[in-house]
Amino acid sequence: MKTITLIFGAVYGMLSVILGAFGAHALKKILSVERLESFETGVRYQMYAAFFLLIIGYILKFETSTEKWTSILMIAGTLLFSVSIYFLSLQDYLGANLKFLGPITPLGGLLMILSWGMLILYFAKNRI
């Protein structure tokens, strides 16, 4: 689980840089300011998750289910949160009605919040 966490952290970080540059250059010309800001929110939170995963990948030993779920929830939450925002931001450009993704975004955010909460419990329990 440690390796998976570190790989996802690195991949999320790399994709954040790529998507951030894509948004700043290519999407700036085709998206409204509101849609571009939403896209940038997805990129920003994906980068936060990348740092989170890289840090816990080094701090945690992944010997308990709490440690494993801290990583799983952040990986899954970021995927749901950021990817749904990306598609919602691009729906006009893609010519598709993707409003059904709307409820996915807060679900992903909730999983990310739960991951942070589990990390807080881990620190409180282990008094690091």
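This note's numbering applies: residue 25 is where the sequence shown begins, and numbers increase by one.
The beta carbon of each residue, even a glycine, is placed where N, CA and C say it ideally should be.
(1) According to DSSP, simplified to helix, strand and coil, what is N150?
(2) For A73, count neighbouring Cβ atoms within 10 angstroms of its own Cβ and tell me buried if that reaches 16, exposed if not.
(3) Does any residue of chain D bring its CB to less than 8 Å from the CB of L112?
(4) Contact between the segment 73 to 86 and the segment 111 to 127: three or more CB pairs below 8 Å?
(5) Can you have a look at V41 and say buried or exposed, based on whether 16 or more other CB atoms are within 10 angstroms of its CB?
(6) Starting from the Cα of V7, find the closest Cα among F86, T88 and S106 and give me that residue.
(7) Does I99 come out as helix, strand or coil in the three-state DSSP assignment?
(8) Return the residue from the list K26, K92, Y117 and P127 that minimises the CA-CA distance to W140.
(9) May I ask which residues mark the beginning and end of the alpha helix (DSSP H) holding I42?
(10) For L51, which residues in the same chain have their Cβ closer than 7 Å to its Cβ, ignoring the five residues on either side in sequence?
(11) Look at the alpha carbon of S89 and the alpha carbon of K53, and state the distance between them as a whole number of angstroms.
(12) Among G37, K26, M25 and T27, which has the Cα closest to the Cα of L103?
(13) For A100, collect the residues of the same chain with a Cβ closer than 7 Å to its Cβ; drop the 5 residues on either side in sequence, then sort them by chain order.
By the coordinates alone:
(1) N150 falls in the helix class under three-state DSSP.
(2) buried
(3) Checking the listed chains, one finds no chain D in this structure; it contains a single protein chain.
(4) no
(5) V41 sits exposed, since fewer than 16 C-beta atoms from the chains shown fall within 10 Å of its C-beta.
(6) An answer regarding residue 7 cannot be provided, because it is not within the stretch 25 to 152 covered by the chain.
(7) helix
(8) K92
(9) Unbroken alpha helix (DSSP H) run through I42: K26 to H49.
(10) Apart from sequence neighbours up to five positions away, the residues of its chain that approach L51 with a beta-carbon distance below 7 Å are L60 and F63, ordered along the chain.
(11) 46 Å
(12) For L103, the closest of G37, K26, M25 and T27 by C-alpha to C-alpha distance is G37.
(13) Closer than 7 Å at the Cβ level, and outside the excluded window around A100, lie L135.
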